[in-house]
Amino acid sequence: MNETKKMSKNEIDSLKEKMQPYILKESQPPYTYYQIKCQECTITAYTSGKVVFQGQDLSWLKKEEKPLRQIFPQAGSDEVGTGDYFGPVVVAGCILNSENQAFLSKYPIQDSKQLSDLDTKKLANIIKENSKYSICICSSLKYNQVHEKHNMVDIKCLLHNQVYINLMHKGYSLPDFIVIDQFTPEKSYYRYLKDEKEVIQGIHFETKAENKYLSVACASILARNAFLEVWEQMEKKYQFSFHKGAGPQVDQCARNFVRQFGRDELKNVCKLHFKNTQKI
């Protein structure tokens, strides 16, 4: 099956960027910007502006006529805490419809890494009041137990899948369009979930999705806010100031923690497999 579209140079460049995670082979035949081969199709972009799609099933092209980020209802999920030695790993998922989108678009909702902790907390409350959401928190202790059999990517896949399952168990219907801020190829994602009883299918994976899709940005903020809440609980429990990240300051922080509370207590506040543990 073939389909041809006329596209501008910007659209041709955007198409390649969007397809980047799925490209198996790339070449540049004469008179083309590129020819990319994916598992499901081959796309040839000519310098004339003609773009030819070849594949057995090109029905997805009709969906693409409307920018994906503008498709509502939509669901998105994102995770935080994976780069921090201390604290949990948190994944949040959020469902938005057209009304939610119109209301929440008035606020500076974006990737939580670009927000202050105070703004994150304020926006999280607004998002909770105006969306359907679920949050999965994997505590440090639980993470260390699970990590004995599952690596970090595996754990993230399990948590993302569980967030959507939780939304369904809450009685919400998942929309046709679901997007995850991509952290592993689609095939790998589903391979990690092959032994799970319930697996949510038909997910769209895209890098930097938290800056492109409102549902993912909302999920990013909800996850970050939950991470901060756990962090505050940790500091209150131990009367101790933890450092975020995994750099040299964190090493010194961990040494101070061990001096005060003992090495065995580390498993309750950090991810033991990080190199920081060996350094201290």
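First residue of the sequence shown: 509, per this note's numbering; consecutive thereafter.
Ideal placement from N, C-alpha and C gives every residue a C-beta, glycine not left out.
Just so we're clear, the structure is a prediction, and the values are computed from it rather than from any experiment.
Taking a C-beta distance under 7 Å as the contact criterion, A754 and P683 do not qualify as a contact pair. In this chain, Y641 is not harboured by any alpha helix (DSSP H); it is covered by the beta strand (DSSP E) spanning K640 to C646. According to the DSSP assignment, L701 belongs to no alpha helix (DSSP H), since it is labelled neither H nor E. As computed with DSSP, L604 is found in a beta bridge with Q582. Distance from the CA of K702 to the CA of Y651, rounded to the nearest whole angstrom, comes to 20 Å.
Relative to the Cα of Q528, the nearest Cα in the group S606, T540, K517 and C546 belongs to C546. With a beta-carbon spacing of about 10 Å, V599 and F735 fall beyond the 8 Å limit used to define contacts.
In the displayed model, V597 falls within a strand according to three-state DSSP. A553: not part of any alpha helix (DSSP H); member of the beta strand (DSSP E) spanning T550 to Y554, first to last residue.
In the same chain as Y530, and ignoring 5 residues on each side of it, the C-beta atoms closer than 6 Å to its own belong to C546, in chain order. About 6 Å separates the beta carbons of D586 and A731, which is inside the 8 Å limit, making them a contact pair. At a Cβ-Cβ threshold of 7 Å, Y672 and I635 do not count as neighbours. The DSSP-derived three-state label of T540 is strand.
L612 has its alpha-carbon roughly 37 Å from the corresponding atom of Q757.
In this structure, K783 and S648 do not form a Cβ contact; the two beta carbons are roughly 16 Å apart against a cut-off of 8 Å. The beta carbon of D627 sits closer than 8 Å to those of P616, all from its chain and outside the five residues before and after it, given in chain order. The beta carbons of S620 and F580 sit no closer together than 7 Å. Per DSSP, the continuous beta strand (DSSP E) segment holding L532 begins and ends at I531 to S535. The beta carbon of L623 is closer than 6 Å to none in its chain, skipping five residues each way along the sequence.
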